[in-house]
Structures are given as C-alpha cells and as structure tokens.
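Single-structure report; data block below.
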Amino acid sequence: MNAAPLVPLTTPSAVVTAGASLLADAVAQQGVTAARVDWHPPAEDHADAVAAVMGDPRRRQANAQALEAMLSAEATLVDVRPASEALGLERGQLLHAGPPVDWERASGPMRGALIGAVLFEGLADDPDEAEKMLATGDGVSWEPCHHRGAVGPMAGVVSPSMWMFELRDEAHDATSWCSLNEGLGKVLRYGAYGSEVIERLRWMTAVLGPILRTAVRAGDPIDVKGIIAQMVQMGDEGHNRNRAGTLMFLREVLPAMIDSGHPSKDVAEAVRFVSGNDHFFLNLGMPACKLQTAAAAGIAGSSVVTVMARNGTDFGIQVSGTGDQWFTAPANTPEGLFLGSYGPDDANPDIGDSAITETAGIGGFAMATAPAIVRFVGGSVPDALATSQRMYGITVGENPAFAIPILEFRGAPTGIDVTAVVRSGVLPQINTGMAGRVAGTGQVGAGLVTPPMGCFTGAIGALASAVATA
Amino acid sequence: MTRSLTVRRGTYVDSVALMQVSRQISTLPGVTSALVAMATDLNLDLARGMGFELPERITPNEMLVAVEADDDTAMQTALAEVDRALSAAAFPAPSSFGDAPAPLTIRAAARGGEATVALISTPGRYAFADAIDAVDAGLHTMVFSDNVPVEQEVALKQYADPAGVLVMGPDCGTAVLGGVGLGFANVVRPGPVGIVAASGTGAQHLMTLLDGAGVGVSHCLGVGGRDLSEAVGGLSTVRALDLLAADDATEVIVIVSKPPSASVAQAVREHADKLGKPVMFGLLGKGRPDITETARQAVAAIGCSWELPPALSGQVGTGRADGSLRGLFAGGTLCDEAMIIAVEALGRVRSNIPLDPAWALEDSLSSDGHTMIDFGDDRLTQGRPHPMIDGSIRIQRLLDEVADPTCGVLMLDVVLGLGAAADPAGELSDAVAAATAADVPVVVSLVGTGDDPQDRDRQAEMLLGAGAWVYFSNADAARKAVDLLTNGAPA
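If you read the sequences in order, they're chains W and L. The numbering of the first sequence is this note's numbering, which starts it at 93 and goes up by one. The numbering of the second sequence is this note's numbering, which starts it at 7 and goes up by one.
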C-alpha cells in the first residue's frame, strides 16, 4: 500500500471526541464543534481480540474490497427449475435454513418442515413414519442451503422436487437459488405439514413452476437487483414487505405467462397466486442478496459479515475473512405482533435464511424506507428512521443502488463489520416473521429480532487468530 | 446512620461525569458520603475504605453506588437523585423526529464531517481500537487515555505511518493545534514556536512561560511520555517534526522531554538536523537546563527579550525544626523538575516516580523524609479523574502532611487551562491556610496564562491570601521551597 502524503496541521473547526465529556466540553468552549461519540464499553470484554483485528494492516483494504464486491454484484433471474436439476439434489437429500442442526436439536418448525418435505417427496406415508425416518436418519439427510449457495426463508426446507428460482451474478460468475414462495399462514416454511400444505406444494410443482419456467426462458434474464432498487423507493424494505417488488416481478413475466401455451385456467390460477401473495418476491430478493454477499466472501483480513442465518435453534454468521466457518449461538426469539390468539409463548426462536437481506443492507437495515409496516413489526416511524441510521454505525459503506428516499436518498447501510458490532454493542436489526414453536402450527406473527452477540464475539476471536497466523 | 451499596450493570458513564455525580450526592443534606464510580480496583478500595462489604464477583464494567446517610429519608432522596443524575449523564438529550442517533463509533462520528482531529479519552483497554478508527478516518489522533500497553502504542504508531497522520499519545495530556487546545491546554497566543512534547505538563509550562514573555505558539504536538523510549523509537516525534517543518507558521521547534535513550536521541537529532528549521532540545535531567531556562533560550532564539517570571512572597512561618520537604503534584514533569532541583541540595527524595529506583515509595505512598508525589501518575488515575480535574485526593494529602510533624515545607503545583478544574486555588485555599497556620510554608508553582478560563491573577491572589508563595516558574518555586527548608526566609 502506498503511503499517503502528510496531512498538514491546521486549526481544526471540528474535533471528534470519544470518552470524557469534560474534554469535549473544553473543545466546545473554544467555539470548535465537538462531534461527540456516544461511547460505551462493550458488554463483554473482548478488547484483546478487537485490538488484534483493528490493528491488522490488511483489514481496511480487505473491507473496502468486500464492499466493492458487494456493490458490483449483479442479480438476474435466468431460470426456474426443480432442485434435483438445479442443485443436483437426490432422493432423500434435503436442504434447510441456517447453520447445521441435527434432529435432536431441531426446533418445532424445522422438524415440521422436514416432515412435510418427506411427505411431499413420498418418502413416507404419514407424519409418524416421516418423523421416525428423520430421527434415525434412515434414507434422509439434510444440510444448510448456504452450503449449496442457496437460501430458504423460515425453515427453508428444499427437497429435490421443489422448483427453484435460479439467479446469476455474471460479474462474479456466481449462481444462487431459492424455492418459490408458498404464501402466508399454514405453509411448509413455517413448519406446517397438513394436507393443504402438501397439496399446495404439489400444485406449485405441477403448474406454477412450469409456467414460470416457460415465461422466464422466453425473455431476457430479469434484473432482480433493478427491481430491489425500485421497491426500496416504493415502501418495501425487502424482508417483511415485498408488495411492490412482487407486482413489479409479475409485470415482467405476465405477458410471457399468458403467451406460455399453458391452459388459461392454470395461468389465471398462477397469476392469482402470485399477485395474492405479497411475499412472493422475497424468494427472489433473498438469492439476489446471497449473490451480493457471496461476492464478498473469502477475502483474507476482512471483518465483513457475509451470511446471517438461523435454523430455529441457533443463529449463525459467516465472515469474509474466515470463509465458510459458522459462528453460532442460541437464537433469540423475535418481539412483535401476533396473529389471532397467538402470543409470545407460541413463538419459536428466530428462524430462516431471510436475514441475508439485512446482511446485504435491506430488510431491517432499510426500515426507514418502509414506514407502512412499522406497526406490523411492533415499531414506530421514528424508531424506523433511527434504526436505519444506527446501522450506518456498524457497516463499512453504503449501497447507492439501494437509495432510501426519506434519508435524502442515502444508500442502504451495507457490509456489517464485526469489529463495529463488538465495539459498539449495536446488533444488526432484523425484521422477521415468527413461526409457531410447535411443529405443524405455521406462522404466529411478525416482529423484530437481533442476532445473539455470541456470533460476533466468536467471529472476532477467529479473526484475531487468523491475524496471528497471517 | 444507614448505608446502601448497589452494583449496576449495563450503565456506563465516564469517570469525570461520575465524579461530578458523586460530589453532587455527597452535598445533599443528611448524606455523609457517597461514591458513584465504575468498579475498578482503585474505586473498590475506596468503597472498602468507606467501610462497605463488596460482593465477590464484580467487574470494571459494573457501577458501584455506595451511599452513607443519616436516616432512611435522606437515603431515599439520595438514591433517587443518583438515578436522576445518572440518567442525565448516560443518555444524551432526546433528538427530534428523524434525527440521526448519536454516533457510537469514531468512524460514524467522522463520516461526512469536517473534523480533522480526534480526541480519545476512552478507558485504556479500548483506546487502541478507537484510535485505529480515527486513523482510518484520516484524523490526527490524540490519545488522552493512559494504561495503554506499549506494544499497542508501537502498533498504533506504525499503523498511522502510511496514513500520513500524527498519533499524539497514548497518555498525551496536552496539545494545541492552530490555537485550539485539546486535553489540558492553556490559552496561549499564536506565534512562531512549534513544540513537540513527550511531557504534557512540561509542554504546558513551556507554553505559559513563552506566553508570559509575549511569545506565541504555532502548534504544540504531544507525542506521549514513552515515544522517545527504546521500544517506541520516537515514531511520533519524527512525524511531529516533519509536520512542523512543513508548517508555515512555525519558525523554531522545541522538543520537550525527559532525556531519551541514547540511540533514539541520536536518531531524532539526525532527523532534526535535516529539517531546515532550528530545533532546540529541552531535555529535563540532572545538570541540564530546566524548563524555565529552555523557555528563555527559545525566546532568545526568535529575538525577543526575556523577563524573569513573576514570584509573589507568601508567609514564612516559624517552620518546623528538622522538617523535610513534601511536594504534592498534579503534573508529572513538574514533579520531576522539582525533584531534580531538590535532590541537588537535599539528597534523597522519595517518590512514586523516583529519580533513582532505590528511592521508590511504598505502595501506601506514606511520606518518608523528603518526599514528592505525582498524583497524575497512571497508577493513581485508574478509574478516577486526573488530579487536575479533581483535586480532592491531593487536598486530603495536604492536610495529612500538615498533621505530620516531620513535614517542614510544602510545595504544590496548580495547573490552569482548558480541561482543568474551574477553581483549583479556591479548592486549595483552606488547606493552604491550615498549613500556613501550622507554620508550614507552602510554595506554589502556578502554571497558567492571563487568558486561561480560571483567571490566573485571581487564582494567584487567592493562594497568596491563604499565605502561599506563588511562583510562575516551577524551577524557581522548587528552589524557593529548598531555600525555605534549609535557611528559612529573610524576615
């Protein structure tokens, strides 16, 4: 790295101060602006590891490179096809959300979704049999979606027959996948596996998937990143509100769906399904975000987070400088509003790969752009504005492609820096849905949640060790 | 009498603000004593000293609230006031709709702003990371914090090298950048002298002496007391010299430090020779010029005339036979300079920063013969404010010395300027008067300028009124103290 020229001595008109307020007061007393840091010691003392990582001469350049990679990532929808083709999933192989988890530790909704997938694939005839197979690992195995470059909302369970969106980042020659969104209520991703759930999955495989495939293959790749850029200016934060995104996507594919040659009754049903599900776009936004963050993975010395994901039991993160190593801690339970008569006791701990949206700078990080849903997640408009602005304090940069109008079109806060999280104690803000604790329940609410600090302190320790051996 | 001790988690307030809270609670009616402080070892000792039993598991990130009051009513009022004062201190005033929350890191505070300098006074364990953040933001970085490991100091200064910025500190108490004082700094006139200081109070004293002679300062760049050690190798001194060499306002450069290690001194001198501007060395030590003499030489170097700094006569007292000299300092370099002068006349002077390791005081800091204590030393400031901000420990010690029949003459420094207590002379005057009344003469070296917020002349009058001898030169004050001890004063 070339040395910068000396920064000349001047009379400062502003001084950044951190620590004793008396010293900041003395600065202000001289008519000089004191830009005061609201400094607090971290709740847990990891000062030695933090110092090692902060002092790593590679860090700054590595994080700049990680940011640059994220900003330059592209995301276009190129195909829709079954997971068996797209990911090479074979009979009995399943994917799931979050870091690895075994049956013993799997939460209710994760177990429910795995049971549903086994039933859907016809591997078992009833839930009891499915549960036995899963408990013994007889003929079934599962691993995180992230291990295959895919993502899945909530339980995120993918089986070979399920159809997947396939997205490409040509700039980094990378591919990511996500299943098709089933809608709200009693759905597999929230751990429901009743007959209505399985029936819907069958229809999606038989009708919806093939129609979308025909439509997507008929035209140019669809610019998903471009839709995200527009939706964050239309009140969608891309995690708990995807209404504008869903309709813009439908606008892109609708003519080709009509022209697809499929029976008009099926096309009408598919259009009704997509337009009636405000979250349909979530499963396109998530793989786009995965492509963005994956572009920043594996840069030695970088402390930028590339994955945040939950399996309903543990929260796991991955960090650029430590590759595909997971740093996990028990997941928190979201706080927010509940559907019907459900209450806090019914909620399962945090679940889903959808926190990839926050990892990429939208979702909870872009809360300021979605005032319409602040009540839905139990917040207020000033909270939403403050939340997004607070996230700039723990990120390495801003994404001009995702500009937030209410913040004077400031770019979304992008690239969570582990050092900033550990030092400030400010955790990434995640907007999320809430799954029922008991297998088979489905969605019980939506709200706000943060990762456990243990993920970040674990990561800082590993980054510090990596400095020592670099 | 009733007592209450609680330990709070998750609340952090800096030590200076806590000192103000403690003081505020102590003055409530019916409250005999109060300590609101982070649970550092030193503060735990203080709480034990107040007679409190402490829980076993307690960390420095927790806060102690210890109150002793006459009755339950007074206690309740006191604890309610603690809550109110802490919440006022811990949380910034609510901002209006849509305002950005207060920045939580230096990076966030510097982003998009006009700041060119950072002033960091976070606890020593965290200061390195905060300083790196400031360097990353391209700011000249002053680290006021002490208790930063020397390895981190070296790493920080090496890290700053390619960034083109200066790291001042750690443990840098004083800087003046283009007339703006940072930390403990006196209000001095602008002028041609650039100062590089490995000593905060040494730099303050030099600046006030120059100002007294009508000579101004361009920049005073602190580098931290260890910068010229073998371990650090003068990394910041060299950078500061380069910055002053490139600065149009600077004509003469003065380096103020204790004598550095020979190899570092050699390297710095070689670097200084190539700057193209005169560089003077004010290196404090036996047989070397004192700070006052360095100031005189600097004034001469730019062709101005030197006048002796003012000295005001106080009360002699009949003195105590065979008494010894006791110096109680807030400034380490001022203590050092006084010891160098005193040792020449008196021999051994015990201290917590001894000139000779064999003269080190025991941990209790009890006086033993001629004794001088630097209350600003790292070990005495962990988790509590610097004595230039809160003089209470020193005042207590002053009274203890008066009660000690072996104390013959007292010497004190009073350092004025930005960042220092608002009225140090007012706080000291009762204790000084008590000393004078007990026939113990008190000599004060007063470091300040006419423009300092405390009003130097008023401070001098108060000290004089309490019976003290007041010197504007620390070296002269030390000589006077020795003189009073050995000869008494002319009537």
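Glycine included, each C-beta is placed from N, C-alpha and C at the ideal position.
Whole angstroms is fine: what's the gap from residue i's alpha carbon to residue j's?
i: L:R54; j: L:S21; result: 19 angstroms
i: L:P61; j: L:L11; result: 10 angstroms
i: W:A535; j: W:P436; result: The question names Ala, yet the displayed sequence has Gln at residue 535 of chain W. Rounded to the nearest angstrom, the two C-alpha atoms are 12 angstroms apart.
i: W:I465; j: W:D315; result: 26 angstroms
i: L:E59; j: L:R9; result: 11 angstroms
i: L:I359; j: L:L386; result: 12 angstroms
i: L:A106; j: L:G239; result: 42 angstroms
i: L:Q210; j: L:V449; result: 19 angstroms
i: L:Q460; j: L:L424; result: 9 angstroms
i: W:N375; j: W:P97; result: 48 angstroms
i: L:P393; j: L:L422; result: 12 angstroms
i: W:L215; j: W:L186; result: 12 angstroms
i: L:A503; j: L:G397; result: Chain L is shown only over 7 to 497; residue 503 of chain L falls outside these bounds and no answer can be derived.
i: W:I486; j: L:L418; result: 47 angstroms
i: W:A476; j: W:M459; result: 5 angstroms
i: W:A266; j: W:E166; result: 9 angstroms
i: W:D117; j: W:A126; result: 8 angstroms
i: W:A336; j: W:G428; result: 23 angstroms
i: W:L293; j: W:F212; result: 7 angstroms
i: L:N480; j: L:R356; result: 19 angstroms
i: W:N334; j: W:M323; result: 8 angstroms
i: W:P236; j: W:A307; result: 29 angstroms
i: W:P355; j: W:A387; result: 40 angstroms
DSSP on residue i, reduced to helix/strand/coil?
i: L:P198; result: strand
i: L:F190; result: coil
i: W:M254; result: coil
i: L:E74; result: strand
i: W:N369; result: coil
i: L:V420; result: strand
i: L:V27; result: helix
i: L:V37; result: strand
i: W:H239; result: helix
i: W:R529; result: coil
i: L:R63; result: coil
i: L:I112; result: helix
i: L:G119; result: coil
Give the range of the beta strand (DSSP E) segment to which residue i is assigned.
i: W:D171; result: T168 to P174
i: W:E427; result: E427 to F430
i: L:G333; result: S330 to F335
i: L:H211; result: Here L:H211 belongs to no beta strand (DSSP E); instead the alpha helix (DSSP H) covers G206 to G218.
i: L:C226; result: V223 to G228
i: L:R9; result: T8 to R14
i: W:V119; result: Premise fails: W:V119 lies in the alpha helix (DSSP H), S113 to Q121, not in any beta strand (DSSP E).
i: W:N403; result: V397 to N403
i: L:A380; result: A small fix is needed here, since residue 380 of chain L is Asp in this sequence, not Ala. Here the beta strand (DSSP E) through L:D380 covers T377 to D380.
State the start and end residues of the unbroken alpha helix (DSSP H) segment that holds residue i.
i: L:N49; result: D47 to G55
i: L:F134; result: G130 to D142
i: L:Y477; result: Counting along the chain, L:Y477 falls outside any alpha helix (DSSP H), though it belongs to the beta strand (DSSP E) covering W475 to Y477.
i: L:N358; result: That residue, L:N358, is in no alpha helix (DSSP H); it is neither H nor E in DSSP.
i: W:Q521; result: Counting along the chain, W:Q521 falls outside any alpha helix (DSSP H), and DSSP gives it neither H nor E.
Inset, instruction - Could I get the ranges of all uninterrupted beta strand (DSSP E) runs contained in the stretch 230-314 of chain L, with 3 residues as the minimum, in chain order? - result: The qualifying runs are 258-263 and 285-289.
Legend entry - alpha helix (DSSP H) runs contained entirely in the stretch 264-343 of chain W, provided each spans 4 or more residues: 287-295, 301-310 and 316-323
Legend entry - Residues of the stretch 183-194 of chain L whose Cβ lies closer than 9 angstroms to any Cβ of chain W, in chain order: The residues in question are L183, G184, G185, V186, G187, L188, G189, F190, A191 and V193.
Inset, instruction - For the stretch 135-157 of chain W, enumerate the residues whose C-beta is nearer than 8 angstroms to any C-beta of chain L, in chain order. - result: Residues passing the 8 angstroms Cβ filter: A135, D137, A139, V142, A143, M146, G147, P149 and R152.
Legend entry - the stretch 121-141 of chain L: positions lying closer than 7 angstroms to chain W by Cβ: A121, T122, V123, A124, L125, I126, S127, T128, P129, R131, Y132, F134, A135, D136, I138 and A140
Inset, instruction - Select from the stretch 269-302 of chain L all residues with a C-beta closer than 8 angstroms to any C-beta belonging to chain W, and list them in chain order. - result: If the cut-off is 8 angstroms between Cβ atoms, the stretch 269-302 of chain L has nothing near chain W.
Inset, instruction - Can you give me, in chain order, the residues of the stretch 464-493 of chain W that have a beta carbon less than 7 angstroms from any beta carbon in chain L? - result: Residues of the stretch 464-493 of chain W that bring their beta carbon within less than 7 angstroms of a beta carbon in chain L comprise P474, L477, A478, Q481, R482, Y484 and G485, in sequence order.
Legend entry - Secondary structure, alpha helix (DSSP H): runs of 4+ residues fully inside the stretch 147-219 of chain W: 151-164, 175-178 and 200-212
Inset, instruction - May I ask you to list, following chain order, the residues of the stretch 518-542 of chain W that have a beta carbon less than 8 angstroms from some beta carbon of chain L? - result: V518
Inset, instruction - Please list the residues of the stretch 95-106 of chain W that have a C-beta atom closer than 8 angstroms to any C-beta atom in chain L, keeping them in chain order. - result: A95, A96, P97, L98, V99, P100, L101, T102, T103, P104, S105 and A106
Legend entry - chain W contacts from the stretch 381-407 of chain L (Cβ-Cβ distance under 7 angstroms): Listed by position, the residues of the stretch 381-407 of chain L near chain W (Cβ gap below 7 angstroms) are I395.
Legend entry - Every unbroken beta strand (DSSP E) within the stretch 426-469 of chain L, with a cutoff of 3 residues, ordered by chain: Every beta strand (DSSP E) stretch that sits fully inside the stretch 426-469 of chain L and reaches 3 residues is listed by chain position as 448-453.
Legend entry - Chain-ordered residues of the stretch 196-216 of chain L with a beta carbon less than 7 angstroms from chain W: none
Inset, instruction - List in chain order: all unbroken alpha helix (DSSP H) runs of 4+ residues lying wholly within the stretch 141-167 of chain L. - result: 156-166
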